[in-house]
Amino acid sequence: MDTPQVPVIPAVWPVPRVGIIGVGNMGGAMAARLLAQGYLLAVHDIDAQREAQAVSLGAMACTTATGLASSSDVVIVAVVDAAQTHSVLFGPHGAVASMAPGSAVMLCSTIAPADTERLVAGLAQRGIEWIDAPMSGGPERARDGSMSLMLACQNAVLDRHRALIEALSSKIFHISERPGDGARTKLVNNLLAAINLAGAAEALALAERLGLSVPRTLAVIEQSSGQSWIGSDRMRRAMVGDYLPRAHTSLLKKDSRLGVEVAKQVGFAAPLGEQAAALFARACESGLATLDDASVFELMRKR
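Quick note: the sequence shown, position 212, residue 208 per this note's numbering, numbers continuous.
In structure tokens form, the structure reads like this:
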């Protein structure tokens, strides 16, 4: 006889029962944040090591998304892309199979607005509340609750889940009630992030070629008109050769590609975005896909 995947959690609990599907860099940081805030948390990930890290902090591991959802009032999905999101929600052993009407799903992955709309339609058909909730800021900010959350959801849903959302982030932006507007905002942000990071890597590679000190040049930029948050964050790691992935190069390749695609869908020319997307695609082709996206600096140094 099969043993239960998750201990039965009392229906009456002082805070919502939360499950996170995908406890990688961002999902794992969110898990740590919620556990520190006293939430009872279940987790599921295809990577057993990621699950074990969350368990060591006090989470309960579930072997399937269905098992996780059966003991969760709110399911947070923080996987890589739309295909994975659809699979963990609607595929075999997906979460919606055991979700009761009135429960909620937070879609935190960076995906195309059209994919968000399709996922939301599937959830709504089952009476499951939805929150289109892309995030930005990196694992450290997710862990300390200072990341940005770009929300599209009904006002009443936001009010019901405000305590959980505020536990996750001190920077909450309610974009609209239209499904996909969170995704649209995130893609605009990430396209600019790709442009800024590509520019920072190019400028510092040029400084190095000119015989300048890269750390000193970055210090000047950080106090001058060329400063950008992502440029400072990534280039400080790059100049000491630290490419341990906090945000994989492959993710910014995906996000910038999606940003360019939505621009084309509305007839908007985005030449800088296209160049940045091409650069990150080239970085992945050069073997940098699994490294931190700061590694684009290495690509620029070789040009």
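Virtual Cβ for every residue (Gly too), placed ideally from N, Cα, C.
The model shown is predicted, which means the values in this text are computed figures rather than measured ones.
Neighbourhood of residue i by C-beta, 6 Å cutoff - its chain only, sequence neighbours within 5 removed
i: residue 189; result: 226
i: residue 40; result: 17, 58, 61, 64
i: residue 234; result: 290, 293
i: residue 191; result: 268, 272
i: residue 106; result: 130, 182, 251
Which listed residue (the options) has its alpha carbon closest to that of residue i
i: residue 252; options: 279, 80, 239, 126; result: 279
i: residue 193; options: 155, 232, 162, 164; result: 232
i: residue 20; options: 134, 32, 257; result: 134
i: residue 138; options: 67, 161, 213; result: 161
i: residue 29; options: 141, 240, 254, 220; result: 141
i: residue 153; options: 201, 31, 125; result: 125
i: residue 66; options: 255, 169, 299, 94; result: 94
i: residue 187; options: 89, 48, 255, 82; result: 255
i: residue 230; options: 36, 260, 195; result: 195
i: residue 299; options: 35, 257, 201; result: 201
i: residue 144; options: 155, 159, 185, 209; result: 185
i: residue 103; options: 203, 73, 87; result: 73
Host alpha helix (DSSP H) of residue i (start-end)
i: residue 82; result: 78 to 86
i: residue 298; result: Residue 298 -> no alpha helix (DSSP H), and no H or E assigned at all.
i: residue 276; result: 267 to 279
i: residue 164; result: 158 to 164
i: residue 11; result: Premise fails: residue 11 is in no alpha helix (DSSP H) and is neither H nor E.
i: residue 22; result: 21 to 32
Span of the beta strand (DSSP E) around residue i
i: residue 15; result: 14 to 17
i: residue 125; result: 125 to 128
i: residue 72; result: 70 to 73
i: residue 300; result: Residue numbering for the chain in the displayed model covers -3 to 299; residue 300 lies beyond these limits and cannot be assessed.
Cβ-based burial, residue i [other Cβ within 10 Å; buried from 16]
i: residue 55; result: buried
i: residue 264; result: exposed
i: residue 164; result: buried
i: residue 178; result: buried
i: residue 130; result: buried
i: residue 23; result: buried
i: residue 169; result: exposed
i: residue 262; result: exposed
i: residue 206; result: exposed
Chain-order list of residues whose beta-carbon lies under 8 Å from that of residue i (same chain, five-residue window excluded)
i: residue 223; result: 217
i: residue 69; result: 12, 13, 14, 99, 100
i: residue 286; result: 241, 244, 245, 246
Same chain, Cβ closer than 7 Å to residue i, five either side skipped, listed in chain order
i: residue 282; result: 295
i: residue 46; result: 19, 20, 24
i: residue 38; result: 2, 15, 55, 56, 58, 64, 67, 68
i: residue 259; result: 266, 269
Would you call the segment 165 to 185 and the segment 138 to 149 touching, i.e. three or more CB-CB distances under 8 Å?
yes
Are the segment 117 to 124 and the segment 258 to 272 touching by the rule of at least three beta carbon pairs closer than 8 Å?
no
Segment contact, 8 Å Cβ cut-off, at least three pairs: the segment 104 to 118 with the segment 73 to 85
yes
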